[in-house]
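Only one structure is covered here, and it is reproduced in the block below.
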Amino acid sequence: MKLHVYPPIQESSSERAMDEPIQPTRPPASASPDTEQRLWYLKNCNLIAQLPTDEITHLERVSRVRRFAKGEPVYLPSETADAVYLIARGLVKICHITPEGKTSTLALIGAGELFGELALFDAGQRGEYVEAIEPTTVVRIPSHVLSDLMHRHAALAIGISKLVGFRRQRIERRLGNLLFTPNRQRLAHLLLDLAEQFGV
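In this note's numbering, the protein residues as written are 69 to 268.
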């Protein structure tokens, strides 16, 4: 007996679509890599990380990332104080320039820290000079935006006020050391400041 082999019945594309399980698709990205990066930088700052998620997202939208090479100025004393900076990675030094043109280092600021915070209280010209000690990435936050957040969130306002007071005290002590102490003692005070700030 001769057997007849019939070709398999071909399903229509519509039937096949009904029987096959639906394959999950990757949802569209909710944010660009730059956006995700800015959010990560902001959340790496303890003062900002405590804010509600929607506030951090708003802060990300109005902030800008800037990169500086070693030895490049972040801002000069003659510039308008209209922003606060968060260091994402790297290290900067805050300097005082005398009328004679001499530069003295007042403080070192590292990753996760804010600087330029006096712009929150005085929108005039900068009084200090900030320079990158190594390749540095910062997030530039408009001062009026951060000021509005401080009015809405007491914990942020208290944290920044403490930061300003602590840094002012440290800078005044540093200026006093520069003016009235010998070089050897000045170096000892600088090493003590570094140990307090960075745990070195």
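Where a beta carbon is used, it is the ideal one built from N, C-alpha and C, also for glycine.
Quick caveat: nothing in here was measured; it's all calculated off a predicted structure.
Hey, out of Leu182, Glu140, Leu174 and Thr171, whose CA is closest to Ala156's CA? Taking Ala156 as reference, the option from Leu182, Glu140, Leu174 and Thr171 with the minimal CA-CA separation is Leu182.
Go through the stretch 105-152 residue by residue and report every complete run of the alpha helix (DSSP H) that reaches 4 residues or more, in order. Secondary structure in the stretch 105-152: the alpha helix (DSSP H) runs of 4 residues or longer, each lying completely within the stretch, are 114-117 and 121-130 in chain order.
Quick one: what's got a C-beta closer than 8 angstroms to Leu115's C-beta in the same chain, skipping five residues either side? Leu182, Leu224, Gly227, Ile228 and Leu231
Neighbourhood of Ile124 by C-beta, 7 angstroms cutoff - its chain only, sequence neighbours within 5 removed: Same-chain partners within the cutoff: Leu107, Leu110, Lys111 and Ile116.
Does Ala156 come out as helix, strand or coil in the three-state DSSP assignment? strand
Can you tell which of Ile165, Gly184 and Ser172 has the C-alpha that lies nearest to the C-alpha of Arg208? Gly184
Would you kindly report the start and end of the unbroken beta strand (DSSP E) that includes Arg208? Its beta strand (DSSP E) spans residues Thr204 to Pro210.
On a CA-only basis, which of Gly192, Gly195 and Ile162 is nearest Glu140? Give me that one, please. Ile162
Could you say if the stretch 125-133 and the stretch 162-181 meet the contact criterion of at least three C-beta pairs nearer than 8 angstroms? Short answer: they don't touch.
Whole-angstrom distance between Val160 and Thr173, CA atom to CA atom: 10 angstroms
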